[in-house]
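Step one of this worksheet: look at the structure below.
Residue numbers (mature numbering (1 follows the signal peptide of the UniProt record, and there is no 0)): -23 to -1, 1 to 296.
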């Protein structure tokens, strides 16, 4: 997710059928996991029990954070294709991006949320139902970072559940780690599942990731796309005791990786100025064990559906 000029992992391309998300295969696990985090985005504003907005942190910020803005219009809650959804926008216009900026200025701007301050976990299954507009220079992503990053990236690891670039008919699902335990030495491994039908990439799909003590498996529409097992290496970060990760969902614009991928280069400023690029999220669910969730808050009842309310009631009864 950080600045990339080349892909450091061998690409495995998997072709997915053009079926809709309604035909997706449900994820099934033989582990005794329960629903510990859920947001269906059926309210009119961001649920502060689950998420915080991502701030702009300075001109020298990494590519993914360079144009993040707290402008309220960039994180919208609306009905999309018959479902309530959170929409993260990427746009070009008059926005405030810098922390001390007193007036909007003409710039790229995008919205993003993360659970750094509210929810983190180790081991479990994450599933996100989402769709995105395909626009040159735009980079929607669903990913995870370690709550404690004092040892330096990617020594603590990074898990990219879904990234999409430009108009590509595929997504990227990747883990990052450092085999030698040295910051900025990236040993990436990943898969790039794609669709036979080029238009299918912009439709609704579920993107999943199962994380166990043995390794990490990625999913699209309930189908496993690739698995990465723990090697015989002491620097594998994903099984370190207490190495909890938090969720990041963000729309991103520009950067050396996305702007140089594919035939076209740069950023489609006209589209971003006129219609913008939408990244729609229907729901986020995390299944895990209470053993591996040390900072899980109870979700606000307003954010839960009937199933979530029933699970919450059962959880309270057990406690």
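A virtual CB, placed ideally from N, CA and C, is assigned to each residue, including glycine. Quick caveat, the model's predicted, so the values are computed rather than measured.
Item, Value
"Excluding the 5 residues flanking residue 48 on each side, which residues of the same chain have their C-beta closer than 7 Å to its C-beta?", "72, 73, 86"
"To the nearest angstrom, how far is the alpha carbon of residue 180 from that of residue 141?", "13 Å"
"DSSP beta-bridge partners for residue 151?", "137, 167"
"May I ask you to verify whether the region 219 to 239 touches the region 130 to 139, counting CB pairs closer than 8 Å and requiring at least 3?", "yes"
"How would you write the range of the beta strand (DSSP E) that residue 201 sits in, first residue to last?", "200 to 206"
"Helix, strand or coil: how does DSSP classify residue 60 here?", "strand"
"Could you check what DSSP says for residue 50 in three-state terms: helix, strand or coil?", "helix"
"By the DSSP assignment, the alpha helix (DSSP H) with residue 73 in it spans what residues?", "No alpha helix (DSSP H) contains residue 73, which DSSP labels as neither H nor E."
"Does DSSP classify residue 188 as helix, strand or coil?", "strand"
"For residue 146, which of helix, strand or coil comes out of DSSP?", "coil"
"One question on the structure: do residue 111 and residue 149 come within less than 8 Å of each other, judged by their Cβ atoms?", "no"
"Suppose the cutoff is 6 Å on Cβ atoms and the five residues either side in sequence are ignored; what does the same chain contact list for residue 129 look like?", "160"
"Straight-line CA distance for residue 254 to residue 56?", "16 Å"
"Given that a residue counts as buried once 16 or more other Cβ atoms are within 10 Å of its Cβ, and exposed if not, what is residue 46?", "buried"
"Cα separation between residue 12 and residue 18?", "16 Å"
"Looking at C-alpha atoms only, which residue of 263, 258, 40 is the closest neighbour of residue 187?", "263"
"Would you mind stating whether residue 89 and residue 226 have Cβ atoms separated by less than 8 Å?", "yes"
"Please look up how many angstroms separate the CB atoms of residue 65 and residue 166, rounded, as I've assumed it's under 8 Å.", "At roughly 27 Å, the Cβ-Cβ gap does not stay under 8 Å, so residue 65 and residue 166 are not in contact."
"Between residue 152 and residue 91, which are expected to be in contact by the criterion C-beta below 8 Å, what is the C-beta distance as a whole number of angstroms?", "Wrong, their Cβ atoms sit about 18 Å apart, outside the cutoff."
"Determine the extent of the alpha helix (DSSP H) in which residue 249 is found, giving its start and end residues.", "246 to 251"
"For a test of the three-state rule: what should DSSP assign to residue 15, helix, strand or coil?", "strand"
"Which of helix, strand or coil does DSSP assign to residue 265?", "strand"
"Using the three-state DSSP reduction, which class does residue 8 fall into: helix, strand or coil?", "coil"
"I need the boundaries of the beta strand (DSSP E) containing residue 104, first residue and last residue.", "101 to 109"
"Go to residue 120, then tell me how far its beta strand (DSSP E) extends in each direction, as first and last residue.", "118 to 123"
"Hey, out of 158, 83, 78, whose CA is closest to residue 68's CA?", "83"
"If you reduce the DSSP assignment to three classes, tell me which class residue 113 lands in.", "coil"
"How would you write the range of the beta strand (DSSP E) that residue 90 sits in, first residue to last?", "89 to 91"
"Checking contacts by CB at 8 Å: is residue 146 closer than that to chain B?", "Chain labels in this structure do not include chain B; a single protein chain is all it has."
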